[in-house]
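Scroll down for the structure; my scribbles are underneath it.
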Amino acid sequence: MKCLLVSLLALASTIAGAEPVQVAVSANFSSPLKQLVQRYHQQYPRADIQITVGSTGKLAAQIRQGAPYDIFLAADARRPQELASEGWIQAGTVRTYAIGRLVLWSPDAGAVLDGSSLVAGMVTPVAMANARTAPYGEAAEAVLQQFPLPDSVTLVQAENVAQSYHFAHTGAAEAAFVGLSQVQDQGGRQWRIPDALYPLIRQQGGVLRGMPAAQHFYDFLFSGEAQEMIRSLGYRTDEVADDVE
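Oh and the sequence shown: position 216 is 273 in the numbering used here, straight run, nothing missing.
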């Protein structure tokens, strides 16, 4: 038993540090991913995890153009499943790693943020990610269909949810639709939008190439330790368990 344990540990160490792992990640999850990588490095110091951040739609387009990513962590379920059906992502690796939560956030603690204030035009400009390429933008669009902005409100379109946050953080917008994970520990004011007001943000990922180091890190994201971290960083994981496609 002792020899087997030593062998398994040696194998895990070899797998985790064999070669760089290229991870393409949706902008909303970039900061949590960096923290998860730090935790992974504590266990596997030789691991080399390299991160590329962008909107889900643009990253998916890059994958179709042959970008050399090993893992794709999207902010929706549609793109990973499409890529798997097209042969870009390995069959059987598409899984939900987190459930995103949408908030409207302003750095101004005195801001009034809710559906009524949006309809009344009390908040302007309002930033949101591009609904065509960013799932959080698509979710924000669903909210605005129920609480339409008057013509007096300027809607600022960001490339992704990270840029949406940047617009509010720098004052280019009074408020922004962002992920809870981006602002849960910050000041200001936030409206945690009820889940029923937008489609479930089921964030799925997948492995593109059969590299052992990539599969090893990807599996780590679904460990109890990693899932606990993901919950603490502003996501739900209650629907994550056993949804392998």
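The beta-carbon is built from N, C-alpha and C at its ideal position, and this holds for glycine as well. What you are looking at is a predicted structure, and each value in this text was computed from that prediction instead of being measured.
Take the alpha-carbon of Ile108 and the one of Val80: they are about 5 Å apart. By the Cβ neighbour-count rule, Arg249 is exposed, with fewer than 16 other Cβ atoms within 10 Å of its own.
According to the DSSP assignment, Val264 belongs to the beta strand (DSSP E) that extends over 258–264.
Measuring C-alpha to C-alpha distances from Asp133 to each of Gln119, Tyr154, Ser142 identifies Tyr154 as the nearest. Fewer than three beta-carbon pairs drawn from the region 136–143 and the region 228–245 are found closer than 8 Å, and the two stretches are therefore not classed as touching. In this model, Ser289 and Pro164 are separated by some 22 Å (Cα to Cα).
Between the C-alpha atoms of Gln220 and Ala186 there is a straight-line separation of about 7 Å.
With contacts defined by Cβ atoms closer than 7 Å, Val183 and Ser174 do not form a contacting pair. Listed in chain order, the non-local C-beta contacts of Lys115 below 6 Å within the same chain comprise Thr190, local neighbours out to five positions each way being set aside. In this structure, DSSP gives Val210 a state outside helix and strand, which the three-state scheme calls coil. Within the DSSP bridge table, the entry for Ile108 names Val80 as partners.
Residue environment: Thr211 is assigned as exposed (fewer than 16 neighbouring CB atoms within 10 Å of its CB, all protein chains considered).
The region 272–288 makes contact with the region 78–96: 3 or more CB pairs, one atom from each, lie closer than 8 Å. Taking C-beta atoms under 8 Å as the contact rule, Gln92 and Trp162 fail to qualify, at a distance of about 20 Å.
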